Each structure stands twice: as structure tokens, then as C-alpha cells.
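See below for the structure under consideration.
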Amino acid sequence: MSKQLKIAIILMVIGALLTTLAFFMAFYTARVQGFGTVVSDQPLDTAFALAPPSMQPTDGIAYERPWLSQKIFYFHVPVAEASFLIFTIAAIFALLFLLRKDKKYDTRSRIAMETAFVFVVATMITGVLWTRASWGVWWDWEPRLTTYFIMMILMIAYFVVRNSVGDEERAATYGAVFCLIAWVDAPLSFIITRLIPSNHPVVFQSGMDTTNLIPFIIAQIGMLMIGYAIYVLRVTEESMHERIELLKERLEA
Amino acid sequence: MASTENKDRIAEDVLALDVAHLTRKFGVRKALDDVTFQLEQHRFLSIFGPNGAGKTTLLRILATLTAPSQGSDVTVLGFDVVKDAFALREHIGLISHNPLLYPDLTAEENLRFFAQLYGITGADARIDELLDAVELTHRKLDIVRTFSRGMTQRLSLARTLLPRPELIFLDEPYSGLDPHASDILDALIDGIRDKHTFVMVSHDLERGLELCSHALILARGKVVLFEDKETLDSDLFRATYRETVGLGVS
Amino acid sequence: MSEKRNISSFDQFRAILHKDIVMELRTKEMLTSMGLYALLVLIIYYVALSQAGSAFEVERIAGGLLLLAIVFTSMLGLNRSLVHEKDQGCLEALLLSPVDRPVIFFGKAVGNLIFLILVQILIVPLFYFIFMSGSQVQSGPWWMLALALLVGSIGIAGVGTFLATMSVNTTGTDFILAIMFIPLVFPLLLVVVAALTAVITADAGYTQVYWTMLAAAAGYDVIMIAVAFALYEFIIGA
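Protein chains in written order, with numbering that gives the first Met the number 0: chain A, 0 to 252; chain B, 0 to 249; chain C, 0 to 237.
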């Protein structure tokens, strides 16, 4: 077993432990504050603005689930940020592939896309739960959610396109080109809440309480470890697959 | 990109093909593996080999349609196929089993379109001359869709000759042609072979051998045999060919 | 013996465009299929809105419906235009000639833009008569509507031609084009619909909204066409 593989497995375990730790810290050490449509004279976490009155449900149902809004933050945000980062890495490998035409960059780009997609799906699921808890709806077409949703569709399109091309190298080229175009959406989705007025909270703009920041950072580090581990495990699997192909080729010759 | 000049003539002593260590790989799969050979101008090279041996890849690389992998050194008519691809394209032509013609344009419109792509001014005379040579003058204003397979292939030849290429690639040119059309194509090629270089990929062993001045057998991306026909032992060649084709089947 | 050679990218561009137009005028394949398809979409719209009653304001959704019809129709034509090149291997002959790859892109894209505009000349008045003729709203000037549609069409033709060059080499051509095309032009559709709706409803201060949205759409066109220009070489040679 290669050294890299061992490290990946260790990182996977540590990452899982860290995210779990962060989750419990959020319950026991982080300061719980009011969220969602709770009465606004409660102390509010400065990291989250309340939904504006126009967003509040008018049917008289008060959505008061501060514990969910509070806890899901430590999962949702680190996962989302990891997804942007991994997508960016995929785009860099895609560019390298187009410049060098070396299959190894394509493999890396594709696997990074797969990893990013896992994180995007996790972000979507937690995001929808949070939206329900905080805004009282399952989905809202506001800028961040919309651009992120489009990003997910573009990633699905990436895999569909790759799989529909017969020739391996052509699939790689189309994949790389499409990955680069699709990536444009990632920074857009990231900064859009800072450009256009949006209901989506902007983290780090108004600062965060230290008791909340520590579990957040732990969760973020844990998430990146898991992301890296998934990526390395898949790369190892692919390179083993390639070695088998090579051996088959040699056997035939 | 604009340049007003007569097309540069290729000097007689320039090699038509100078292929050194040509490799084309993607990951572990090598379509071409260290292919090296040279061919002088005004020769006819036939490339044989089983399916998947890399014949088409070799042809596409020589025709600048596919890039070779790093470390390869491929020069066609003195032009590097990667760096000077644009300049080289003025000197090469392709006749394929596909007609490479627009079925909804007339014979004349097809030729005129390609003349415009090559920047040939005053192409009318040239078009008439070529249509005459391929015996299609009477169908000049007819839509290509109405042509028979043989007529389409003759027009395809006219299209290829239009920019006066020095080197012509033939990619299975006989597939789908009836014997009569094949004979016409043979005659046309025969008429210009002392002034042109030909590189042909074909499964038709007999015809390929008959036409060629040099023969090359590819198997698994490697050159198995490259010989001048003068010195070629026909029996040995056939044996080698059968052996490599057998490899492809297994 | 040898004729004069004068290779100019602009002449090549014109040749490709001219060839596409001659072919289309002869077969009328794209224009009839796109035109009829647009008509069918309008019929579907009627069915979809038939139970909406008189209370709702058609002006609010007219811009979106119109652009939707154009998007669906355009995808039909975009695929056809590249299938022409692929069918008899003509693309290979094109690639073998001394043509810069972006010239092929611009030739095909401008051809598609022209066909798209022709189809719009048919469906926009038709759309007006079917859905809007009873409307009491005083809309903005028609040239603003046309300009918004033009800016939208440029983006659709540019991105669409680029993506169709890929999808034509895949299995399931039409579906692949749709799944790449719709999320990629999404931002363009959003701003063009905003601009169209601004003109149609002509609320107070609508010109402000209109020009902002049009600027965003034009920005999208410029960025996407630049990206297509830079990447076209990779996909057409693959």
C-alpha cells in the first residue's frame, strides 16, 4: 500500500472525527442565539441576518427552529466552501490537460469533479433543510441558491457529456473545455451574495463569536481532509485500474 | 493571416515524409509507437495493417488533423506538422471514403467554396478544367445529392486537386466504389502520379500493392515492415501481412 | 500555371457563411423546422394559459414566454447546422484547408444568428397577435424589444454553435446540447427576460432597468464569445 494511500485513510478518519467533534462543540460550547423568524429582541448571531419581513411566512406559522439553523451551519458552510475549492482544483487540472494533453491531468480533473459533486450534493441537502428551518420554504430562487443550483446542473452535464463521447481522448477534451466554462459559475456563486441583495447570509462579513468560530474552523479543516482523502482514494483506484489495463495490453502483445 | 502570393513551390530534394519517433499515446494506450520512416517526393506509399493498428491515426497526424504526442518529430514536405500546420495545409489534399462534399450544393458551388477557402482568385477556369478532367462538365450545375457514388468520388477528386496539392492522402478511397468507378479513380491517379506524392491507407491488399512504390505495414502502432516495392519480396510481404492481420483478429 | 493565392480570414468567413445561406435557401430545412416548431410551442402556450382566466396580466409573462419559444426553437436549428458539416465528413475537408479554427466558429455562428433572426421575424408578430393584441398596456418602443431580442440571439447563437460542435460528436445529440446549453445560457435568459418585460410593461422608469439588463446581457455575450473563441480550437480538432 502506498504512503499516499495510508495518509488518505488516516486523513479520512481524522476528518470524520473533526467534523463530529465540531458538531458536538456546536451543541455544548457554541453560544446559541436566535435565528429564523424568532422574535427579534433576542440576541442575534451577528453572522446571520434575519430574513426580511417580506420573506416571513404570512400564514401565521412561526418557524422557530434555532437549534437546526445553528447546528447545520457547522456542516453546511464548510461543505459548500470545500465544494468551491475542489471545483477550482478540477478546473486547474482541466486547463493543464488542455495545455499538455497528458491523460493524468484529465484523470485528476475528472476525479476532482466527482469529489466536488459529492460536496455539492451534501451542500444542497443541508441547504434545503436550513432554508426550510430559517425561511419557512424548501426552496427559494434567490441569487446564491440559483447560481449554486446551476453549478450543480453544470456538473451533472459534465459527466453526461463525458459519458456520451465514445473516443476516450475526445471525451477528455470536451470534459476539460466544459469544466472550464462551467467553473465560471463557481466564483460567481461565491461572490454573488456580496454583490446583489440576498436573503442568504454572508459569513465572515459581520464577524463571528469566538465560541462559534472555533467549531466552524474545526469543521472546515475536517471537511477538507475528507475531500482530500476521497480524491486520493479515487486517484489510487484509477491508477490501479490503469496498471491493469497496461498489463492486459502487454499480455495481448 | 492575409498573404498575396503564389503558393511556394516545394523544392525537389525535400522529403515528402520525414517521420522520426512518432508516438501517439493517451495514458497507457499507444496508438502509434516510435514510428520512423522517410519517403521522397513523387512516391506512392501504401499503408497496410489490421483494424486498430494505427493506420488512420498515422494518416490524420500527417494531414495535421491530429497532433502527435510530445517527443515526436514529424515533417511533411519540409513543414513541421504541429508548428507549420497552417502553411502545410496549402500543400496537402485528402480523398476519403467520405466524399467531403456538401450534398445540397451543386458541383460548381462545392468547388467554388473550397477555392474560396484556399484563397484561389480566378478559380472559374480551374473549376472548368477539373470538371472536364473528371468528366463531370455536363453535371456542373446539378446538386451533388443526385450524383451516383462514383460521380461523387470523382468530384471529390476534383475538389482535392483544386488547390494543386503536392501530397495527396487517400483514406480507403475505393470503399463503396463499383469496379467502373474504381477504374476511373485509378486512371486519374495514374495520370498525376509522377508529379504528386500519394499516401494511401487501404484494406485492399492487391490494389494497394499494385499502385504503390513503397509499402508499410503497421501492427499495434509499430512499423513491422517498410520497403521499396523494387526490393520487396512479394511472398514475404504477404506472409507478414497475413500474420499481422491475424494478430488484429485475436 | 498557378493562380494567385490570397488567403484572407474574412473571405473564408464569407465563404462559409455564403455556403450555409445558399444551402438553407435551397433546402429550407432549418427555417421550416424551426418555424413550425415555434408555432407548436405557441399552441402549447395557449393550452397552458387557457384556464388562467382574465384576471392575470399577460404582459408580466409575455417576455419570458417569448424568449422560451426562441430558446427551444434555436436548439433545433443549432444541431442541424453542425450535423450538415458532420454528415459527409465535410468538417474534415474544412479542417484540412488553411482556415483558422475561429473563422469556422464565426462563420457558423453568424449563419445560425441569421436563421434565428429570420425565425423571430415570423414568431414575434405572431406571438403578439395571439397573446397580446387584447392588451391595454402601452408598451415601450418596438426597437427596444428588437434590440433586446438581438442581444439575446447573439448569445444564444454564439454559445449554441460552440456547444453544438461538441454535441454533434456525442450519442444523443439533442439531449446533450440541451443539458449543456440551458444552464450555460441561464444568466443571459434571466437578464433578457428582465429587459423584455421592462419594455413590454413599460412601468415608470423602465428604461433604467432595460439598459442595465441589456448591458449585463451584452457583457455575457462578449465574455462567452471570447471564451468560445479561445477554446474552439480544442473542441473542433478533438
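Beta carbons are placed, not taken as given, at the ideal position from N, Cα and C, and that holds for glycine. No experiment lies behind these values; they were computed from the predicted model shown.
Query                                                                                                                                                                                    : Result
Please confirm whether residue 111 (chain C) has its beta-carbon closer than 8 Å to some beta-carbon of chain A.                                                                         : no
Enumerate in chain order the residues of its own chain whose CB-to-CB distance from residue 38 (chain A) is below 6 Å, with the five nearest sequence positions on each side excluded.   : For residue 38 (chain A), the predicted structure reports a pLDDT of 37, less than 50, and the residue's modelled location is therefore unreliable. A value from the coordinates is still provided. Answer for residue 38 (chain A): no residue qualifies.
How do the stretch 234 to 250 of chain A and the stretch 24 to 41 of chain B stand: do at least 3 beta-carbon pairs fall below 8 Å, yes or no?                                           : yes
Quick one: is residue 182 (chain C) near chain A, going by C-beta distance under 8 Å?                                                                                                    : yes
Do residue 14 (chain A) and residue 150 (chain A) count as a contact pair if the criterion is CB distance below 8 Å?                                                                     : no
Helix, strand or coil: how does DSSP classify residue 83 (chain B) here?                                                                                                                 : coil
Looking only at its own chain, which residues have a Cβ that is under 6 Å from the Cβ of residue 121 (chain C), when we skip the five neighbours before and after it?                    : 34
Which residues in chain C have a C-beta closer than 7 Å to the C-beta of residue 177 (chain A)? List them in chain order.                                                                : 179
Could you pull out every residue in the same chain whose Cβ sits closer than 7 Å to the Cβ of residue 175 (chain A), ignoring the five residues on either side in sequence?              : 93, 96, 97, 105 and 108
Just the Cα atoms here: how many angstroms apart are residue 187 (chain A) and residue 67 (chain C)?                                                                                     : 24 Å
With DSSP run on the structure shown, which of helix, strand or coil describes residue 105 (chain A)?                                                                                    : helix
Looking at the structure shown, is residue 237 (chain C) part of a helix, part of a strand, or coil, going by DSSP?                                                                      : coil
Can you list the alpha helix (DSSP H) stretches of 4 or more residues lying completely in the stretch 71 to 134 of chain B, in chain order?                                              : 84 to 87, 106 to 116 and 123 to 132
Any beta-carbon of chain C closer than 8 Å to the one on residue 146 (chain B)?                                                                                                          : no
Can you list, in chain order, the residues of its chain with a C-beta nearer than 7 Å to that of residue 174 (chain B)? Leave out the 5 residues immediately preceding and following it. : 96
Would residue 149 (chain A) pass as an interface residue toward chain C - the criterion being a Cβ-Cβ separation below 8 Å?                                                              : yes
Pull the bridge partners of residue 117 (chain A) from the DSSP assignment, please.                                                                                                      : Per DSSP, none; premise fails for residue 117 (chain A).
Output the distance between the C-alpha atoms of residue 90 (chain B) and residue 191 (chain B), rounded to the nearest integer angstrom.                                                : 15 Å
What separation, rounded to the nearest whole angstrom, lies between the Cα atoms of residue 135 (chain B) and residue 142 (chain C)?                                                    : 50 Å
Between residue 56 (chain C) and chain B, is the shortest Cβ-Cβ distance under 8 Å, so that the two count as touching?                                                                   : no
With a threshold of 8 Å on Cβ separation, who are the neighbours of residue 10 (chain B) within its own chain once the five nearest residues in sequence on each side are excluded?      : 77
Would you give the residue range spanned by the alpha helix (DSSP H) that residue 184 (chain A) belongs to?                                                                              : 184 to 194
So with CB distances below 8 Å, who are the chain F contacts of residue 26 (chain C)?                                                                                                    : Absent from the structure is chain F; the protein chains it does hold are A, B and C.
Please tell me whether residue 148 (chain C) has its Cβ less than 8 Å away from any Cβ of chain A.                                                                                       : no
Measure from the C-beta of residue 37 (chain C) to each C-beta in chain B and report whether the shortest distance is under 8 Å.                                                         : no
Does residue 168 (chain A) come out as helix, strand or coil in the three-state DSSP assignment?                                                                                         : helix
Any Cβ of chain C within less than 8 Å of the Cβ of residue 108 (chain B)?                                                                                                               : yes
Got a sec: which bits of the stretch 157 to 171 of chain A sit with their beta carbon under 8 Å from any beta carbon on chain B, in order along the chain?                               : 167, 168 and 171
Tell me which residue opens and which closes the beta strand (DSSP E) that residue 177 (chain B) is part of.                                                                             : Per DSSP, residue 177 (chain B) belongs to no beta strand (DSSP E) and is neither H nor E.
Counting only the same chain and skipping the five closest in sequence on each side, list residues whose C-beta sits under 7 Å from that of residue 85 (chain A).                        : 111, 114, 115, 118 and 226
Helix, strand or coil: which one does DSSP assign to residue 9 (chain B)?                                                                                                                : coil
Can you tell me whether DSSP reads residue 52 (chain B) as helix, strand or coil?                                                                                                        : coil
Comparing C-alpha positions only, which one of A:168, A:24, A:169 and A:183 sits nearest to residue 87 (chain A)?                                                                        : A:183
Output the distance between the C-alpha atoms of residue 18 (chain B) and residue 42 (chain B), rounded to the nearest integer angstrom.                                                 : 15 Å
Check the Cβ of residue 173 (chain A) against every Cβ in chain C and list those closer than 7 Å, keeping chain order.                                                                   : 165, 234 and 237
Given a threshold of 16 other Cβ atoms within 10 Å of its Cβ, counted over all protein chains shown, does residue 107 (chain C) qualify as buried or as exposed?                         : buried
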